[in-house]
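Sequential numbering from 1 applies to the sequence shown in full-length UniProt numbering.
All residues carry an ideal CB built from backbone N, CA and C; glycine is no exception.
Just so it is clear, the structure is predicted and the values come from calculations on it, not from any experiment.
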Amino acid sequence: MSILVDLHYSDTWADPGHQAIPSSWPTNLNGLNTQIWTYTRDVVNAFANQGTPIRFIQVGPSYCGQFYLPDHLPPYFAQIGNEINDGLLWPTGKISSKGFSRASQPVLHSASTGVCAATSGSNVHIANGWESSGVNFFWNGIFLQGQFATSDFDLFGFSFYPFYNSVASYSALQSTLTGIVNKFGKDVMVVETDWPATGSCSGVTLSERSIPISVAGQTTWVNGIKNVLAALPGGHGTGIVYWEPGWIGNAGLGSSCSDNLLVDGSGVSRASMSMFSS
């Protein structure tokens, strides 16, 4: 089993609407560059020192001289930034108010080089992988020579949920990811997804209407994503992370669907848990 460590760089949950700078961190660009580099390096080293080395860091892609760690080490993942469509470390790094070059590019580069200093790989994660316009806006704007480059990361990470927009379909995802692969030639992952197992989705039209709300539907949904990734050019579809399989007490996971988990209320695994065994 692989582990993904998600670095939110905030005192609270980070997502497309929340990316506040940690209260103890500086707010100026130079201070943030140093802080995010040091913090990222120290986290990666701490995992390695306790015997759980990280195999990928997710921030955007970065070779750091090696994509894979030696075979005798288990595969682990870490994610630099969470759904950073509008940048990270707000307000300093907020793209909609500061632009791309003000902070988002240099702090992503600093985070990535922090990974490199600890010799692991990296990945950048944005939301709505099906939405071509938003994906292209971010990736067409985030790169700037000397601040953030395609060499700063290993692979692209995207969220893909069925209940936030009825047009978040397999075909839309495939079109967007194919465009990214053709343009940049890098691997992609769907690093957040889920499907309702039971109950209802109040006021929501699921994007793939033929799939039932059921445990079997969870497997069908994920298998559909597998098929999208398998069809990407050059074998660049790398994998899927199900979020969140076991958060009992928060089974809706912020959505209008009542239960998206891979376990029941007692923590017993549902049949859909086995979808990743093959």
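**Item:** Contact check, Val-222 vs Arg-270, beta carbons under 8 Å
**Value:** no
**Request:** Report the option in Gly-199, Thr-150, Val-268 whose CA atom is closest to the CA atom of Lys-183.
**Result:** Thr-150
**Prompt:** Residue range of the beta strand (DSSP E) that Phe-156 falls in?
**Reply:** 155-159
**Request:** Specify the secondary structure class of Leu-229 as computed by DSSP and reduced to three states.
**Result:** helix
**Asked** Alpha carbon to alpha carbon, what distance is there between Thr-193 and Pro-233?
**Response** 22 Å
**Item:** Neighbour-count burial assignment, Trp-90, 16 or more Cβ in a 10 Å radius
**Value:** buried
**Item:** Pairwise C-alpha distance: Val-5 and Gly-157
**Value:** 13 Å
**Message:** Could you compute how far the alpha carbon of Trp-243 sits from the alpha carbon of Phe-160?
**Reply:** 10 Å
**Message:** Going by C-alpha to C-alpha distance, which of Gly-199, His-109, Met-275, Ser-207 sits closest to Gly-265?
**Reply:** Gly-199
**Asked** Since Val-188 is in the beta strand (DSSP E), which residue starts that stretch and which ends it?
**Response** 187-192
**Assigned secondary structure, Ile-240 (DSSP; H/G/I helix, E/B strand, else coil)** = strand
**Message:** Here's the rule I'm using: 16 or more other beta-carbon atoms within 10 Å means buried, otherwise exposed. How should Cys-64 be labelled?
**Reply:** Low per-residue confidence applies at Cys-64: pLDDT is 36, beneath 50, and the placement is therefore not dependable, though the value from the model is reported in the following sentence. Classification for Cys-64: buried.
**Request:** Kindly confirm or deny that the stretch 170-186 and the stretch 227-241 touch, where touching means at least three C-beta pairs closer than 8 Å.
**Result:** yes
**Prompt:** Looking only at C-alpha atoms, which of Asp-187, Asp-259, Ala-197, Val-135 sits nearest to Pro-16?
**Reply:** Val-135
**Message:** Taking the beta strand (DSSP E) that Gly-199 belongs to, which residues open and close that run?
**Reply:** 198-201
**Request:** Pull up the distance between the alpha-carbon of Gly-246 and that of His-236, whole angstroms please.
**Result:** 29 Å
**Request:** Would you give the residue range spanned by the beta strand (DSSP E) that Ser-166 belongs to?
**Result:** First-last for Ser-166: undefined, no H or E at that position.
**Segment limits, alpha helix (DSSP H) that includes Asp-42** = 29-49
**Asked** Going by the beta-carbon positions, is the gap between Gly-87 and Ser-112 smaller than 8 Å?
**Response** no
**Message:** Nearest by alpha-carbon distance to Gly-203: which of Tyr-164, Val-263, Ser-133 is it?
**Reply:** Tyr-164
**Contact set for Gly-224: own chain, Cβ-Cβ below 6 Å, skip 5 residues either direction** = Tyr-170
**Asked** Do the CB positions of Leu-7 and Thr-92 come within less than 8 Å of each other?
**Response** no
**Asked** By the 10 Å Cβ neighbour count, where 16 or more other Cβ atoms means buried, how is Thr-205 classified, buried or exposed?
**Response** exposed
**Inter-residue spacing [alpha-carbon to alpha-carbon] between Gly-35 and Pro-26** = Looking at the sequence provided, one finds Gln at residue 35 rather than Gly. When rounded, the distance between both Cα atoms is 8 Å.
**Asked** Alpha carbon to alpha carbon, what distance is there between Gly-179 and Gln-66?
**Response** Here Gln-66 scores only 28 on pLDDT, less than 50, and its place in the model is too uncertain to base an answer on.
**Request:** Between the Cα of Ile-80 and those of Ala-14, Ser-258, Ser-23, spot the shortest distance and give me the residue it belongs to.
**Result:** Ala-14
**Request:** Verify whether the separation of the beta carbon atoms of Ile-240 and Val-190 is less than 8 Å.
**Result:** yes
**Request:** Identify the continuous alpha helix (DSSP H) that holds Ser-277 and give its terminal residues.
**Result:** Segment: none, Ser-277 is in no alpha helix (DSSP H) and carries neither H nor E.
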